Structure formats: C-alpha cells, structure tokens
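Q: Chains as they are written, first to last, in this note's numbering: chain A, 30 to 688; chain B, 240 to 633.
Below is the structure I would like to discuss, written out as structure tokens.
Pasting the structure below:
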C-alpha cells in the first residue's frame with residue numbers, strides 16, 4: 030500500500046507542478062497577486078508529494094519488498110541497513126527520484142524563504158523552476174518509473190554493486206545532486222528576469238545565496254567522490270578525468286565563475302548580460318552532466334542506441350532548456366542596460382579575468398569529455414582522452430588564475446592600484462620563494478616545475494591571509510583595534526579568506542602528491558618487508574574473514590618508523606555474495622606529511638601476494654582544501670548581507686551590530 | 240480501503256492548499272511591492288557602505304562613488320514605479336479567477352486518479368520480505384519458500400540437507416551458478432552421490448552454455464566410478480572430447496556408445512546427430528537428418544567426399560577452414576536474425592565473433608542479443624555474463 034501511495038503521490042506531484050508552471054506565470058502576466066501566490070503552496074505541496082514518493086521507495090528498500098521491480102533489481106536482503114537506504118539512489122530510477130526531490134526542495138525553499146523577493150519575480154522564478162520539475166517528473170514516470178511492480182515477487186534481489194557499498198559513496202550523490210540541481214535556481218532566476226525584462230544589482234543579490242549554496246554542495250559532493258575513488262578503487266589516485274567526474278566538474282567551474290560575476294553585478298551592476306548568460310550555461314552544464322551520466326551514452330554508445338528512450342528524453346530536456354534559455358537570452362539581451370564602468374586593472378577587471386579563465390577551463394573539459402563520445406558515435410572508434418590532454422589544456426589555464434587570485438580582493442572597485450597590491454603581496458612572493466628553495470633542497474627527484482607549483486599554492490594561501498591581515502590592519506594598528514576589526518569584519522570576508530586559502534591548499538596537495546608520490550608494486554610473502562618513504566612495512570599475515578554480506582582476505586601490515594611501530598594496516602580483498610564481485614579496501618596510514626597507502630592484490634603462485642604500496646605526500650591537503658572551500662561558502666552564506674534586502678518589518682527586527 | 244482514504248485526503252489537501260490563495264478577496268492593487276523589494280536591497284547596500292567606511296576598509300572617495308551609484312539605482316527604481324501601476328483593474332483580473340480555480344480543482348483529482356489507474360497497480364499490497372518469510376509456512380509460493388531456505392542456509396551454512404533441497408530448485412529456476420554452488424556444498428558436507436555429482440555437472444555445463452568444463456568432467460569421472468553403468472556421463476565426456484577438438488576420439492566414443500545402446504534409447508538420435516556432424520560418410524550411410532548447424536556445414540560435406548575422414552575440417556587448408564568457419568558463423572547469424580529468441584545461440588555467436596577477432600561484430604551481436612532477448616531475464620543474464628567475461632564493455 031505504501032508503495033502504491035508513493036506512486037500516486039509522484040503522479041499528483043507532476044500535476045501540481047503543471048499548475049505551478051501555468052497559474053503563477055499567467056498571474057504575473059496579468060498582474061494578479063492571487064494567482065501569483067498559488068506558486069507558494071504549489072511548491073510546498075510538490076515537495077511534500079515527492080518526499081512521500083521518495084520515502085515510500087525507501088521503505089520498500091528497507092523492508093526488502095521485492096514486489097517492486099526497482100528493489101528486486103538493485104537490493105538484496107542481506108545488505109546492511111545503511112546500504113538498503115542508500116540503495117534508493119544507487120540506481121537509475123531511484124537517483125532520478127532523488128533528483129526531482131532536491132529540485133522540489135529548492136523550489137520550496139524559494140517559496141518559504143524568498144520573502145524579500147518582488148512578488149512577480151518570485152512567481153516567475155517558481156514557475157520556471159516548476160517547468161524543470163515537469164520535465165523531470167515526466168521523464169521519471171514515462172521512462173524510469175521506480176514504482177513498477179513485480180508479481181510474483183522473486184525470492185531475493187540482485188544486490189547493489191559492491192563497489193558502491195561504501196559510506197562515502199552512499200552519501201556522495203545527495204550532496205552532488207544538491208549542487209547540480211541547486212544551479213536550477215540560478216537558471217530560474219535568469220529566465221524569470223529575462224521574461225520580466227528587468228535585471229539589476231538587486232537581482233544579483235537575490236541569486237547569490239542560492240548559487241553559493243549550490244556551489245558549496247557541489248564542492249563537497251565532488252570531493253567526496255574523489256575521496257571515495259582514492260581509497261576504494263585501490264590505485265592511490267584521486268582524480269581520473271573520467272566522464273562522470275567531468276560531468277560534475279564542468280558545472281562547478283561555471284558555477285565558480287557565476288559566483289564571482291554575480292558579485293560584480295551586485296556591487297557595480299556591471300557584467301549583467303554575462304552573469305545572466307553564465308546562470309543559463311551553468312545549469313545547462315548540470316543538465317549535460319545528467320545526460321552524460323543518466324542516458325547510457327557513457328557505458329557505450331551502442332547500448333545507448335539499443336535503448337534510446339531514456340537518452341533521447343533527457344537530450345530533449347537538455348535541448349529545450351538550454352536552447353529555450355539561450356533563445357530568450359538572445360531576444361532580450363539587447364534590452365539590458367549596460368551597467369557600471371571600470372578600468373581593466375580593478376576588482377571588476379580581476380573578476381572578469383577569473384571568469385574568462387574558468388569558463389575556458391570548463392570549455393576544455395567539455396571538449397575533452399564530449400569529443401571521445403562524439404567520435405565513438407560517428408565512427409565507432411574508441412579513444413580515450415585521459416589525463417595528458419587535461420594536463421596540457423586545463424593545467425596551463427589554472428596557473429594565471431592562481432597567480433591573479435590574490436590580487437583580486439586587494440584591488441579597489443572601478444580603478445585599482447596594481448603596484449600597491451604587489452607591494453602588499455610582497456610577503457606572499459617571499460613565502461613562495463622560500464617554498465621553491467626548500468622543496469628543491471628536500472626533494473631531488475620529480476619534475477623541475479613541481480616546486481613552482483607548490484610555491485604557487487603557498488602563494489595563494491599567503492595571499493588569502495594577507496588580504497585578511499590588511500583588512501584588520503594587522504601590524505599597523507594596536508591589539509585592541511585589530512581584535513575589534515577582526516570581529517567586525519563581515520562574515521563574507523571570512524568566507525573569502527577560507528575559500529581562497531582552501532584553493533591554495535588544494536594546489537599544494539595536488540602538485541605534491543602528483544610529483545613526489547612513491548610507488549612500489551611487488552610480490553610479498555608473509556615476513557617480507559619493504560621500505561616506503563622512511564616507513565618500514567612488514568607483511569605479517571593474511572586471514573580469512575566474513576562480513577555481513579561478503580567474505581574477505583584481510584592482510585596485516587606492520588608499519589614502523591625509526592624502529593617504532595606507528596600503525597598496523599589491514600588492507601583487504603572482499604568478495605561480495607550478491608552479486609559476487611571483488612572489491613579492494615586500501616589500508617591507509619594518514620599523517621600530515623602524507624598517506625602511506627597499501628593495497629593487497631591476488632595470491633601469487635608460490636604463496637606470495639601482489640602488493641602495491643604508495644606514499645602520497647600531502648594528499649590530505651586536497652580534501653582539506655575542499656573542506657575549507659565548503660566552510661568558506663558556509664560562512665559567507667551565514668552573512669546577513671546575503672539574506673537581507675527584506676521588506677521593512679523584518680529588517681527593523683534584525684539587530685545591526687556595530688554599524 | 241485505507242489506501243483510497245489516504246489518496247482522497249492527499250488530493251483534497253493539495254487541491255485546497257493550492258487554490259486557497261485564489262479564494263481570498265482581491266486586494267486593492269498592490270503594485271509597488273516589486274519596487275519596494277528593490278529599494279530595500281539598495282538601502283541595505285548604502286548601510287553596508289557606511290559600515291565598511293567606519294571599519295576603514297573603504298576609502299572615503301570610493302565610498303562616495305559607490306553611494307552615488309546606489310543612489311542612481313534608487314532613483315531609477317522610483318522612476319520606474321508609475322509604469323508598473325498600469326496594472327489591470329481588480330474587476331478585469333477577477334475574470335480569470337473563477338475559471339482558473341475551477342479547472343485546477345477539477346483537473347488535479349481527475350487527472351491524478353486517471354493517470355494512477357492507468358499506470359499504477361492499485362490494490363496490490365506491499366510484500367516486505369519478513370512478512371513473506373513468516374507466511375511461507377502456510378501459503379507455499381515457491382519464491383517465498385526459496386527465500387526461507389536461503390535465509391536458513393545463511394544462518395546455518397553447514398546444513399547439507401538444506402543445500403541438497405535447494406540445489407535442484409535453483410537449477411529449475413535457471414540459477415545455474417547458485418545450483419552448482421549448492422550441489423558443491425552438499426557434496427562437501429554429505430559426501431558424493433550420483434545425484435549430486437550429476438546435478439553439479441549439469442549446472443556447470445549450463446553455466447558454460449553447453450561447454451563441458453573441467454570440474455564437470457571430473458564429476459562425471461567420479462560418477463562413473465560410483466555407477467559404471469551410467470550412460471549420461473559417457474555421452475558428456477565424449478562431447479567434451481569433441482569440444483576439445485579431439486574429433487577422432489569423440490567419433491570413436493560415439494560409435495561405441497551407439498553400439499551399446501538399446502534400439503529404443505531416447506539418446507540414440509542425439510548421438511547419431513553428433514556423429515553425423517563429425518563424420519559425413521557415416522551421416523550419408525545413416526541417412527539421418529542433420530541439425531540446423533550442420534546444414535550450414537553442407538558445403539564441407541561435398542568436399543568431404545574427397546576427404547571422408549572424420550577430421551575433415553581439421554585437415555582442410557587454413558584458407559578453407561577459415562571459409563568453412565565463416566560460413567558456419569554466418570549461418571548462425573542468419574538464423575538468429577530470423578528468430579532472435581535463442582539465448583544459447585546468441586552466446587555461441589558472440590563468442591565465435593570474439594574468437595575470430597571480429598570484435599565489432601561481437602559488440603553488434605551483443606546489442607542485437609540484448610534487443611532480442613528483452614523480457615527473457617535468464618537469457619539476458621547469460622549474455623551479460625558472457626559480455627563481462629569477454630570484456631565487451633556493457
């Protein structure tokens with residue numbers, strides 16, 4: 030009964046979404062406040078209905094109701110509870126349901142918290158948002174219905190791909206989708222504003238918090254995926270330029286650009302046309318990502334051709350929203366009044382540079398992702414573009430971006446003082462120089478450019494701190510004055526500090542681990558030892574173990590450093606019961622200077638085992654950097670400035686400290 | 240019943256919530272609300288500039304410039320205001336309210352119920368596994384019973400009787416891999432018996448799509464030790480020789496078996512067919528019908544008169560052999576094109592393409608097989624298993 034209720038709720042949600050498209054838009058057109066107001070209860074009902082559907086499916090998973098085809102195909106009765114729950118989005122149909130749930134969540138959030146928006150804009154935003162929901166609900170119900178029933182029910186399900194049975198991966202999709210789908214709000218705002226024909230600084234202010242929230246979740250979602258790949262795939266790598274990764278990375282790059290251009294638009298009303306275009310493009314890239322991942326083109330162009338219903342449907346959605354958005358943009362862009370003027374050397378100028386580089390970077394990733402697919406589709410030839418392509422195209426774009434990054438916040442609006450900024454950055458240059466010398470002194474191997482890459486990261490980190498120090502007058506004011514300034518600084522300033530600092534850490538981690546990783550691939554017998562970057566790793570034994578739904582060979586490695594045992598690593602090879610698939614579990618000893626990473630492979634003839642041992646220097650900086658970016662976004666989001674612009678009564682009630 | 244009450248509540252609640260704003264009396268034109276929101280933003284921005292200035296993070300002249308800019312925005316919003324006052328009067332707007340509310344409150348319940356009845360499975364109860372397991376004692380649905388035995392075996396994997404019971408059920412369900420494991424466990428726990436060995440070997444052969452794998456051969460050999468009179472193991476072992484390419488030995492074995500066989504034995508025909516495919520001369524003498532695969536081999540039978548040896552194919556020149564094999568494979572492909580429901584045939588075809596190095600054809604055959612076998616879960620699983628083995632992507 031609960032399953033059927035979920036199915037019904039999903040159908041009703043589709044109809045509610047249709048009402049939400051039509052009535053508020055019409056109300057906004059004829060300026061009827063009552064019809065516009067329909068958008069709010071509609072958005073909230075839509076969320077409730079999709080939530081009913083979602084939790085009905087989750088209930089079916091948790092109780093192993095194999096009379097639901099989706100559960101029978103993707104779950105198994107012995108799976109631990111957490112993976113039964115995560116199994117809901119571990120498959121195509123369920124993940125589309127999660128997609129629309131998050132879409133509805135954002136719509137309802139605008140309905141509930143968008144009190145500061147002009148009523149017509151709000152009605153139009155919710156109407157556009159609902160049109161996206163209509164498209165995806167139709168997609169779900171017509172081609173990917175998760176509520177198809179099976180009678181008689183099979184005795185057990187097929188199980189979830191074991192490689193996905195992992196905590197980081199279980200919770201990675203919700204974050205990732207929140208990011209992806211969150212950009213739909215920016216898109217809806219852009220389309221609503223184009224329909225309305227009124228785009229001004231206030232618009233940017235309303236869009237920014239939503240963009241920021243989406244960006245935060247996408248950041249954490251991508252880094253969780255990378256973290257998972259690092260310890261689960263067993264190759265010690267953390268990023269593979271795989272189409273699935275690229276699919277989430279492209280909207281991230283465009284979204285980062287959007288975040289910065291919206292800042293210019295809010296402050297100076299400049300870059301209006303560009304920002305609106307970027308909002309449309311960012312969400313289009315999200316849709317493209319959904320298409321790449323969900324249509325089946327990825328696994329093989331051939332299998333896509335065999336069952337084209339889904340792929341063609343998403344392609345149609347992609348073409349409709351991207352094409353429609355761009356057409357509307359072309360129609361209306363000429364009416365947009367140009368905004369404030371600025372010199373090339375200025376805060377605006379630096380943000381334009383940031384945008385150009387980020388968008389170009391997104392374009393290179395797009396080419397690198399789509400070209401192999403297009404080639405395979407047209408000629409049947411399978412090529413893989415891989416890291417060399419991206420290192421040669423994407424890498425060089427990041428260097429000027431990172432060099433310019435610390436300058437941006439130090440330049441004034443309209444007309445900046447480059448020389449002054451360089452003087453203030455003197456400490457950062459010095460830090461970079463010291464880094465280059467130190468790295469050369471310590472590491473004699475690795476590419477000659479690597480120390481410069483690490484120095485670039487250090488420079489960005491130092492630059493972020495200098496900007497903050499500058500604002501609180503560190504070094505020139507008294508202690509009380511500094512504390513007063515530091516506490517009074519707007520939270521968005523701290524957001525910038527953390528996020529930019531995180532970018533620097535990320536850079537340091539990436540270069541250090543790529544250039545200086547140590548790798549040993551060998552056959553070891555119990556009792557054998559190997560030295561890995563100062564660690565003495567002794568293979569002690571292998572034991573058989575049994576988990577809830579797998580058997581495993583657990584190896585035991587004793588790790589000594591300077592004669593003292595620092596860790597015991599237990600990498601394992603698992604064989605899952607259903608479906609019977611092997612996975613590797615890496616043994617990782619994490620320290621500040623880097624990770625010791627040991628993976629056990631197949632048994633060799635003669636009693637040995639294949640063992641891979643890595644030392645990945647400073648690899649944690651990659652995810653720590655991403656975490657800093659996430660928290661930076663969070664701090665910014667909590668800034669009063671991004672929330673207000675509210676009608677008079679709420680504004681009066683809000684305390685305004687030290688202003 | 241409860242289900243329909245919940246559905247009714249859901250529809251009624253949602254419809255009411257959505258149409259509620261439409262039911263309220265119209266407010267007098269509140270048209271400058273839009274502008275108010277803009278003004279609120281700009282006023283906030285002015286305050287922020289003042290705050291930045293006191294903090295010292297913004298120079299006085301910059302602050303002045305920014306203020307002037309925001310002031311201009313404020314003026315523009317104020318200037319635009321009268322435009323938006325040109326809204327329709329309350330009366331004209333009221334024209335739309337009634338039709339909109341009516342359509343919404345009728346369409347929502349009618350369409351949602353209609354679509355649900357068309358696509359849903361109303362009245363079908365949920366079947367959580369726990370309930371099915373407790374019910375399995377009374378109602379004996381085979382799937383539920385299997386689930387129950389499986390549950391028990393997970394807790395007591397040492398229960399040999401359980402494995403013995405479930406193995407043939409798995410086999411009948413087409414779950415050959417599970418069947419093989421179950422027989423193996425039963426053999427391990429309860430010892431060898433002809434039935435178990437036979438079952439294990441059959442399951443393994445089905446897993447390999449008719450190829451007799453090593454462990455199945457060993458099982459048959461053990462079976463012959465236990466029961467020297469058994470015929471089936473001998474047939475399979477002969478077949479295994481044929482599959483190894485030891486065609487003369489296989490033909491000899493077939494002949495011995497035929498000689499021993501009673502005239503009315505049901506497996507005589509199979510043996511004759513196998514022999515015919517190996518030995519065209521014998522086929523001509525026996526005058527037996529060759530099966531579909533052998534029809535494709537007819538050209539070689541003509542050649543065969545010049546080379547009547549059973550290993551005709553093996554002794555052909557490499558070119559001829561290649562041509563012969565190609566004809567066989569193409570014949571199979573043509574047959575599957577006409578009737579694509581034969582999963583084993585698809586498996587054979589894909590494997591053949593792969594062996595011949597025609598990978599593109601293999602990939603194509605794989606996708607054709609998927610298209611043709613849609614709805615045949617067991618067959619599809621076989622094909623997918625093969626695709627995975629051969630690394631044909633998926």
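Glycine is no exception: its CB is placed at the ideal position from the N, C-alpha and C atoms.
From a predicted model like this one, the values you see are computed outputs, not experimental measurements.
Would you identify the three-state DSSP class for residue 296/A, choosing helix, strand or coil?
A: Here residue 296/A sits in helix by DSSP.
Q: With the cut-off set at 9 angstroms, would you say residue 489/A and residue 480/A are in Cβ contact?
A: Not in contact: residue 489/A and residue 480/A (Cβ atoms no closer than 9 angstroms).
Q: In chain B, which residues lie with their C-beta within 8 angstroms of the C-beta of residue 45/A?
A: 253, 257 and 347
Q: Looking at chain A, is there any beta carbon in it that lies within less than 9 angstroms of the beta carbon of residue 453/B?
A: no
Q: Relative to the alpha-carbon of residue 214/A, which residue among 580/A, 204/A, 161/A and 187/A has its alpha-carbon at the smallest distance?
A: Checked all of 580/A, 204/A, 161/A and 187/A; the closest Cα to residue 214/A is 161/A.
Q: Pair every Cβ in the region 235–243 of chain A with every Cβ in the region 608–616 of chain A, then say whether three or more of these pairs are closer than 8 angstroms.
A: no
Q: Specify the secondary structure class of residue 602/A as computed by DSSP and reduced to three states.
A: Of the three classes helix, strand and coil, the one that applies to residue 602/A here is strand, per DSSP.
Q: Along the region 511–540 of chain A, what residues have a CB closer than 7 angstroms to any CB found in chain E?
A: No chain E is present in this structure, whose protein chains are A and B.
Q: Give me the Cα-Cα distance between residue 465/A and residue 531/A, rounded to the nearest whole angstrom.
A: Taking the CA atoms as reference points, residue 465/A sits about 20 angstroms from residue 531/A.
Q: Exposed or buried, residue 341/A, counting other C-beta atoms within 10 Å across all chains shown (16 or more means buried)?
A: Residue 341/A counts as exposed, since fewer than 16 other beta carbons sit within 10 angstroms of its beta carbon.
Q: Taking only beta-carbon atoms, is residue 41/A less than 9 angstroms away from chain B?
A: yes
Q: Report the option in 433/A, 291/A, 199/A and 576/A whose CA atom is closest to the CA atom of residue 250/A.
A: Ranking 433/A, 291/A, 199/A and 576/A by Cα distance to residue 250/A puts 199/A first.
Q: For residue 659/A and residue 537/A, which I take to be in contact (beta-carbon distance under 8 angstroms), what is that distance rounded to the nearest angstrom?
A: Not really, about 18 angstroms apart at Cβ, beyond 8 angstroms.
Q: Mark residue 94/A as exposed unless 16 or more other C-beta atoms lie within 10 angstroms of its C-beta, in which case mark it buried.
A: buried
Q: Which whole-angstrom value describes the C-beta separation of residue 382/B and residue 182/A, a residue pair presumed to lie in contact below a C-beta threshold of 8 angstroms?
A: 6 angstroms
Q: One question on the structure: do residue 469/B and residue 463/B come within less than 9 angstroms of each other, judged by their Cβ atoms?
A: yes
Q: How many angstroms separate the CA atom of residue 284/A from the CA atom of residue 589/B?
A: 46 angstroms
Q: Express the C-alpha separation of residue 434/B and residue 460/B in angstroms, rounding to a whole number.
A: 14 angstroms
Q: Please report the straight-line C-alpha distance between residue 47/A and residue 37/A, rounded to a whole angstrom.
A: Approximately 16 angstroms between the Cα atoms of the pair.
Q: Confirm, please, whether the CB-CB distance from residue 311/A to residue 218/A is below 9 angstroms.
A: no
Q: Within 9 angstroms (strictly less), CB to CB, does residue 321/B reach chain A?
A: Note on residue 321/B: pLDDT 49, under 50, position unreliable in the model; the coordinate value appears next. Closer than 9 angstroms: no.
Q: Using a Cβ-Cβ cut-off of 9 angstroms, state whether residue 337/A counts as contacting chain B.
A: With 9 angstroms as the cut-off, residue 337/A does not count as an interface residue toward chain B.
Q: Determine the direct distance from the alpha carbon of residue 500/A to that of residue 508/A, and round the result to whole angstroms.
A: Each residue's Cα considered, the two are about 14 angstroms apart.
Q: What residues of chain B sit near residue 294/A, judged by a beta carbon separation below 8 angstroms?
A: Going along chain B, no residue has its Cβ under 8 angstroms from residue 294/A, so there is no contact; the nearest lies around 12 angstroms.
Q: Looking at chain A, is there any beta carbon in it that lies within less than 9 angstroms of the beta carbon of residue 192/B?
A: Only positions 240 to 633 of chain B appear in the structure, and residue 192/B is not among them; the question remains open.
Q: Can you list, in chain order, the residues of its chain whose CB lies under 8 angstroms from that of residue 545/A, leaving out five sequence neighbours each side?
A: 472, 474, 475, 479 and 646
Q: Could you work out which residues of chain B lie near residue 405/A, taking near to mean beta carbons separated by less than 9 angstroms?
A: By Cβ distance, chain B contributes nothing, its closest Cβ being about 10 angstroms from residue 405/A, past 9 angstroms.
Q: In three-state DSSP terms, what is residue 383/A?
A: If DSSP states are grouped into helix, strand and coil, residue 383/A belongs with the helices.
Q: Report the neighbours of residue 385/B on chain A: residues whose CB is nearer than 7 angstroms to its CB, in chain order.
A: Residues of chain A whose Cβ lies closer than 7 angstroms to the Cβ of residue 385/B are, in chain order, 184.
Q: I'd like to know if the region 115–127 of chain A and the region 96–103 of chain A are in contact, where contact means that at least 3 CB-CB pairs between them fall below 8 angstroms.
A: yes
Q: Kindly indicate the opening and closing residues of the alpha helix (DSSP H) around residue 99/A.
A: 98–103
Q: Along chain A, which residues have their Cβ under 9 angstroms away from the Cβ of residue 363/B?
A: 30, 32, 33, 96, 178 and 180
Q: On the DSSP letters alone, give me the boundaries of the alpha helix (DSSP H) that residue 508/A sits inside.
A: Unbroken alpha helix (DSSP H) run through residue 508/A: 508–517.
Q: DSSP three-state label for residue 154/A, please.
A: helix
Q: Residues in its own chain within less than 7 angstroms of residue 297/A by CB, not counting five upstream and five downstream?
A: 368, 369, 371, 377 and 442
Q: If you drop the 5 nearest sequence neighbours on each side, which residues of the same chain put their C-beta closer than 6 angstroms to that of residue 605/B?
A: Excluding sequence positions up to five before and after residue 605/B, its CB lies within less than 6 angstroms of the CB of 589, 626 and 631, all in the same chain and listed in chain order.
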